[in-house]
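Chains V and X, in that order, give the protein sequences. Heads up: the first sequence at position 73 corresponds to 65 in my numbering, and the numbers run straight through without jumps. Heads up: the second sequence at position 313 corresponds to 467 in my numbering, and the numbers run straight through without jumps. Glycine is no exception: its CB is placed at the ideal position from the N, C-alpha and C atoms. All values derive from a computational prediction rather than experimental measurement.
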Amino acid sequence: MSALLEVTNPEVTNPVEPFLRMERIPHIWCPGCGIGTTVNCFTRALIESKVDLDRVAIVSGIGCSGRVAGYLRLDSFHTTHGRAIPFATGLKLANPSLNVVVYSGDGDLFAIGGNHLIHAARRNLDIKVICINNLIYAMTGGQTAPTTPGEAITTTAPYGCYEPAFNLCALADSAGASYVARWTTYHVRQLTKSMSEVMRKRGFCFIEIISPCPTLYQRRNKMGDGLDTMKYYKQKSKVRHGAPTSELAITKDGEIVVGKFVDRDRPDYLELMRSRLSEQLGDRYVETENLVCS
Amino acid sequence: MQADPRGVLTGVHFIDGDHACCEGALAAGARFAAGYPITPSTEVVERFAARIPTVGGTFIQMEDELAASIAILGAVWGGAKAFTVTSGPGFSLMMEHIGFAAMTETPCVFVNVQRGGPSTGLPTLPAQADMMQARWGSHGDYEIIALSPNSPQECFDLTIKAFNLAEQYRTPVMFMMDECVGHMTEKVVIPRPEDIEIYPRRLTRKPPSEYKPYEPAEDLVPEMAHAGNGYRFHVTGLTHDERGYPAMNAATQDRLVRRLKEKIRAAEDRLTFVDEDGVEDAQVIVVSYGITSRVAERAIEMARQKGVKTGRCRLIGIWPFPEKRIRALAQRARAFVVPEINLGQIAREVERAAGGHARTISVTHAGGGVHRPEDIFEAIMEAAR
Ligand SMILES: Cc1ncc(C[n+]2csc(CCOP(=O)(O)OP(=O)(O)O)c2C)c(N)n1
Ligand code: SF4
């Protein structure tokens, strides 16, 4: 009752409200879904990191996770399935003063868009990639993802998945990411801190968030609802900062290693481009900040 | 608006169509290109990669054409004028983003230097068989603008036009070259920047609180904002309302999709670009475009020498199809002869527009070369009979 009173009191607003397009609320996500939790963390990270919000652009692909861009009161782009990263590449290179965040799902970023992710990491493009890993294709109704652990049931693996799954952090690390971390939606404080860190870090940054899809993954695999999943994450997760990313594979009911695994400095794409071109072309090189159209 | 002098290589040049296309893009103000190598188009981006660091801008070779075709869209929303360049197989991969650009009204240019298809087909040899793909290749209903040059000079001039039309109508423009025009070297005159007219981006002047990203102006085209300028706008490929927010219902869909089509269809007269000669009293009119129009020129001469009143209607703008113009010509001439390096794609459009008032004779070529003038000549003679 007191919570209700608080909400209806016009004096008290939720601190994340100014970051959301409140006119679009209620959102489409199911009760117990983890995506909203990550958005809450992200808005708090925007506050903590003190970035200029007019200079933050968010790019999503397609999926339940891909809907994040539409709810944030930022310059936001809801692109095509798998192509958030190449869109972000063009956006960043045209206007390097933007802080470009890609926010999307595991299927979007690692199946249809997997090629783009490894190349953006290789280039060390200065974008932040936040990947909501619900271990399934949710938007389309619960099909197998490249992250679905062995034995888990999906609509396209009705007898249990038998394909080996990707280890997302290992992939991002080996492709050259400057920053790699993984949290679950249980770890809201740590996740917020990681998000806040990457907003201030240069280079290709990757955060994987293990997140429940109670409607499809948890239900079909008899893992309970959103709250049960929080308890499960609490029980199964283990913080191991700096753990070798090769040891982060996820199984259906095994340990979930979380933490910050990679935080290194490499020159980013634009630095490399500029130093090479100015070295080769000298005064003839016209270095531009924004590619404002004429 | 005049061209930014930094991009304009004023002077007389001896270059091929691919290089001229690149110079056209630079003169038009393109400062971002993304591409993936593919014959016979690669020279365009190779030249851009060499030129752009001294002009001020960025080229990136992406990991595939899916990436290249959406990187340019990101760059446009970031503030740049941008284009990508490809040929058949790459063009096929770009289709989803042509639709995304049409739906989000992102001004940009897709260059296709056509080669023989389907599939890998004839990588080094010409065709004009992607004309229908340029019009209909992405899913859903939309309208498109496509231009077709027939010389390196036109590769320069019309690339500028392609960028200008993209900005004016906020639409992707297809620049449909062919291998012959792309690799043919001729004199290209590049004017002074002050003699090059540039259509500026339709940026909003409204304050963020009053700005609606998809509120159409009188000509049905909305005003744009760039990321980073405080507008905090949303862009989505989902069906959206004037605020740019998803609104998935039949009424919003109807309003949006009809407007996307209508903003171009309603401008058909302004978007009719033809080069005509001797059509006033012609018995037969040859309708052609690209390299084929130059072969047809010889056939027209031959027919005229034989006393057949032969007209030329060269299509410079292919889409929107100049229906009204063809319909008007059909009232006068007895027949159209339509040679093209495909199995009759545009011939069918001519026939449709002629509406039974004139015969249409399609002169096909499967690709890998150009027509023999004699084949076109014979079709003219048959049509005149
Ligand atoms: C080219 C293309 N193929 C397929 C789809 C259908 N589709 C939409 S979302 C999606 C999967 C999304 O999965 P994920 O990225 O994991 O996001 P989630 O919904 O789980 O958050 C698919 C296959 C599409 N929109 N576009
Ligand atoms: S289907 Fe799953 S991922 Fe999608 S909103 Fe519902 S709970 Fe979240």
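Contacts that residue i makes with chain V (C-beta to C-beta distance below 8 Å)
| i | result |
| --- | --- |
| X/M216 | P78, T81, H111 |
| X/V428 | Those within 8 Å of X/V428 in chain V number zero; the least Cβ separation is about 30 Å. |
| X/G233 | A86, N87, N282, L283, V284, C285 |
| X/I192 | Under the 8 Å cutoff, chain V gives no residues; its nearest Cβ is about 17 Å from X/I192. |
| X/I224 | T71, T72, R75, P78, F79, G82 |
| X/F254 | T71, T72 |
| X/V389 | S68, F69, H70 |
| X/A229 | G82, L83, L85, A86, L283 |
Beta-carbon gap between residue i and residue j smaller than 8 Å
| i | j | result |
| --- | --- | --- |
| V/A86 | V/D67 | no |
| X/V265 | X/F329 | yes |
| X/H525 | X/T446 | yes |
| V/V312 | V/F79 | With chain V represented from -7 up to 286, any question about residue 312 of chain V goes unanswered, as that position is not in the structure. |
| X/A484 | X/A450 | no |
| X/A222 | X/A174 | no |
| X/P372 | X/R356 | The sequence shown places Glu at residue 372 of chain X, rather than the Pro named in the question. No, these two residues do not count as a Cβ contact at 8 Å. |
| X/A225 | X/M216 | yes |
| X/T260 | X/L227 | yes |
| X/A281 | X/R269 | yes |
| V/G142 | V/Y154 | yes |
| V/G168 | V/F196 | yes |
| X/V504 | X/A533 | no |
| X/S195 | X/S241 | yes |
| X/A408 | X/A401 | Note that residue 408 of chain X is Asp in the sequence shown here, rather than Ala. No. Outside cutoff. |
| V/D118 | V/G53 | no |
| V/T184 | V/L160 | no |
Distance cut-off 7 Å: residue i Cβ against heavy atoms of ligand 1
| i | result |
| --- | --- |
| X/H525 | no |
| V/G55 | yes |
| V/Y129 | yes |
| V/N126 | yes |
| V/S41 | no |
| V/T132 | yes |
| V/G99 | yes |
| V/A80 | no |
| X/H394 | no |
| X/H337 | no |
| V/S336 | The structure shown does not extend to residue 336 of chain V, since chain V is modelled only from -7 through 286, so no value can be given for it. |
| V/H108 | no |
Within chain V, partners of residue i - CB distance below 7 Å
| i | result |
| --- | --- |
| X/R355 | C285 |
| X/H251 | T72 |
| X/F329 | Going along chain V, no residue has its Cβ under 7 Å from X/F329, so there is no contact; the nearest lies around 18 Å. |
| X/P400 | G62 |
Within chain X, the residues that residue i reaches when beta carbons sit closer than 7 Å
| i | result |
| --- | --- |
| V/V249 | Those do not exist, as V/V249 stays about 30 Å from chain X at its closest Cβ, beyond 7 Å. |
| V/L269 | P207 |
Per-residue contacts from residue i into chain V (C-beta, under 9 Å)
| i | result |
| --- | --- |
| X/R185 | A86, T280, L283, V284, C285, S286 |
| X/Y385 | D46, D67 |
beta-carbon residue i near ligand 2 non-hydrogen atom, thresh 7 Å
| i | result |
| --- | --- |
| V/N116 | no |
| V/P18 | no |
| V/I27 | yes |
| V/W21 | yes |
| V/L208 | yes |
| V/C123 | no |
| V/C205 | yes |
For residue i, the first and last residue of its enclosing alpha helix (DSSP H)
| i | result |
| --- | --- |
| V/D220 | 218 to 228 |
| X/S292 | Unbroken run through X/S292: none, as it is neither H nor E. |
| X/G228 | 219 to 231 |
| X/R160 | No alpha helix (DSSP H) contains X/R160, which DSSP labels as neither H nor E. |
| V/T177 | It is not in any alpha helix (DSSP H) - V/T177 carries neither H nor E in the DSSP assignment. |
| X/T446 | 445 to 459 |
| V/L240 | Run containing V/L240: none; DSSP gives neither H nor E here. |
| V/I27 | 27 to 41 |
| X/D121 | Nothing in the structure corresponds to residue 121 of chain X, since chain X is present only between 155 and 539. |
Residue i: first and last residue of the uninterrupted beta strand (DSSP E) it sits in
| i | result |
| --- | --- |
| X/R466 | 464 to 469 |
| V/C197 | 197 to 202 |
| V/Q210 | Counting along the chain, V/Q210 falls outside any beta strand (DSSP E), and DSSP gives it neither H nor E. |
Test: residue i CB closer than 8 Å to a CB of chain A
| i | result |
| --- | --- |
| V/H19 | In the structure shown, chain A cannot be found, because the protein chains are V and X. |
Contacts of residue i in chain X (Cβ-Cβ under 9 Å)
| i | result |
| --- | --- |
| V/L273 | P207, T208 |
Unbroken beta strand (DSSP E) runs of length 3 or more, entirely within the region 336 to 414 of chain X: which are they? 339 to 344, 388 to 390
Unbroken stretches of the alpha helix (DSSP H), 4 residues or longer, contained in the region 164 to 202 of chain X: 171 to 182
Please give the ranges of any beta strand (DSSP E) in the region 67 to 121 of chain V, keeping only runs that are unbroken, at least 3 residues long and fully inside the region. 67 to 70, 91 to 97
Alpha helix (DSSP H) runs wholly inside the region 258 to 334 of chain X, at least 4 long, in chain order: 285 to 290, 306 to 323
With a floor of 3 residues, list each beta strand (DSSP E) that falls wholly inside the region 139 to 184 of chain V, ordered by position along the chain. 171 to 176
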